[in-house]
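**Q** One rule links them: number in this note's numbering = place in the sequence shown (from 1) + 7.
The beta carbon of each residue, even a glycine, is placed where N, CA and C say it ideally should be.
Got a structure for you, questions after.
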Amino acid sequence: MSFLNKLYFLGIIVFVVGCQTLPPHKDCYVADLNLRGYYSGSCQNGKAYGQGIAIGKDKYEGEFVNGHPHGKGIYVWGDEASFTGQFINGIPQVPHVGCYVADPRLRGKYNGECKNGKAHGHGKSIGIDVYEGEFVNGFLNGKGTYIWYNKDRYIGQFQNGKAHGRGVMKLIDGTEIVGEWINNQPVN
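Next comes the structure, spelled out in structure tokens:
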């Protein structure tokens, strides 16, 4: 497996130069399942700690603490989207513009109705993922469309930030799951 050893970011365009082969990590735990496969970097107590590179379905280069991206780094989801900045326990710390949105994957830019500084009513929030629909006190609540960075999407009802009620999940491979959902899980 090869990995990009140099990434140059200019806006949202990524330029790639060169590659190198990394050995599989056997003795250094990486918490994010999508980063498991290859790891090169510092370890402490059997976990990725300090500067490192992890490559699985996704790629991350930066600082780790206890196996999680933590500190400054670059995370690339598949080959679709990337984030450069601060991470805390694996969660990108995306600054948001507009009203507060509870889901950290949607923080970035919000355009819509607000109440008491929180997304409330109809709005669109763009972060790593995109959601357009109804919000209540910063949470996805009511009818909406959630689009993940890899273009999978859920169209339907939400409650307290989760798919809940009637909806359809459309995967990029063409699979559709139609029916009732409870706490992000299909019920059939």
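#1: Using the rule of at least 16 other Cβ atoms within 10 Å of the residue's Cβ for burial, across every protein chain shown, is E70 buried or exposed?
#2: Excluding five sequence neighbours on each side, which residues of the same chain lie with their C-beta closer than 6 angstroms to the C-beta of G63?
#3: Run the CB neighbour count on E183, radius 10 Å, all protein chains shown included, and call it buried at 16 or more, exposed below.
#4: So P99 packs on Y117, CB below 8 angstroms; how close in whole Å?
#5: Sort G119, V185, S89 and D65 by Cα distance to R160 and report the nearest one.
#6: Determine the contact status of E120 and G128, defining contact as a CB-CB distance below 7 angstroms.
#7: By how many angstroms is the C-alpha of R112 removed from the C-alpha of N157?
#8: In this structure, what does DSSP give as the bridge partners for G174?
#9: Helix, strand or coil for N148? Go by DSSP, reduced to three states.
#10: Drop a sphere of 10 angstroms on the beta-carbon of H77, count the other beta-carbons inside from all chains shown, and report buried for 16 or more, exposed for fewer.
#11: Can G59 and G74 be called in contact, C-beta distance under 7 angstroms?
#12: When burial is assigned at 16 or more other CB atoms within 10 Å of the CB, is R114 buried or exposed?
#13: Measuring only the C-alpha atoms, how far is M176 from G149?
#14: Report, in whole angstroms, the separation of the C-beta atoms of A170 and W155, which I expect to be a contact under 8 angstroms.
#15: Just tell me which of K125, N191 and D34 has its CA closest to the CA of Y107.
#16: In its own chain, which residues sit with a C-beta less than 7 angstroms from the C-beta of I179, not counting the 5 before and 5 after it?
**A** Quick answer:
#1: Locating residue 70 in the sequence shown gives position 63, counting from the first residue. The residue is buried, with at least 16 neighbouring Cβ atoms inside 10 Å.
#2: Residue 63 sits at position 56 when you count from the first residue of the sequence shown. The beta carbon of G63 sits closer than 6 angstroms to those of N41, L42, R43 and G44, all from its chain and outside the five residues before and after it, given in chain order.
#3: By 1-based counting over the sequence shown, the position of residue 183 is 176. So E183 ends up on the exposed side.
#4: Within the sequence shown, residue 99 is the residue found at index 92, counting from 1. Within the sequence shown, residue 117 is the residue found at index 110, counting from 1. With a Cβ gap of about 16 angstroms, P99 and Y117 do not count as contacting.
#5: As a first step, residue 160 is located in the sequence shown; it is residue number 153 there, counting from the start. Residue V185 is the option with its Cα nearest to R160.
#6: For the purposes of this step, residue 120 is taken as residue 113 along the sequence shown, with counting starting at 1. For the purposes of this step, residue 128 is taken as residue 121 along the sequence shown, with counting starting at 1. Taking 7 angstroms as the Cβ cut-off, E120 and G128 qualify as a contacting pair.
#7: To locate residue 157, count along the sequence shown from 1; it is residue 150. To locate residue 112, count along the sequence shown from 1; it is residue 105. Their backbone Cα atoms lie some 13 angstroms apart in a straight line.
#8: As a working mapping, residue 174 is identified with position 167 in the sequence shown. G163 and G186.
#9: The residue given as residue 148 occupies position 141 in the sequence shown. Reduced to three states, the DSSP call for N148 is strand.
#10: Here residue 77 refers to the residue found at position 70 of the sequence shown. H77 should be labelled buried.
#11: Taking the sequence shown and counting its residues from 1, one reaches residue 59 at position 52. Taking the sequence shown and counting its residues from 1, one reaches residue 74 at position 67. No, the pair does not count as a contact, with Cβ atoms beyond the cut-off.
#12: For the purposes of this step, residue 114 is identified with residue 107 of the sequence shown, where counting begins at 1. With 16 or more Cβ atoms within 10 Å of its Cβ, R114 is classed as buried.
#13: In the sequence shown, the residue the question calls residue 176 occupies position 169. In the sequence shown, the residue the question calls residue 149 occupies position 142. Roughly 16 angstroms between the two C-alpha positions.
#14: Within the sequence shown, the letter at position 163 stands for residue 170. Within the sequence shown, the letter at position 148 stands for residue 155. Actually they do not touch by this definition, with Cβ atoms about 12 angstroms apart.
#15: Numbered from 1 along the sequence shown, position 100 holds the residue referred to as residue 107. Measuring from the Cα of Y107, the nearest candidate turns out to be K125.
#16: Position 172 of the sequence shown, counting from 1, holds the residue named residue 179. Excluding sequence neighbours, I179 sits near N157, K158 and D159.
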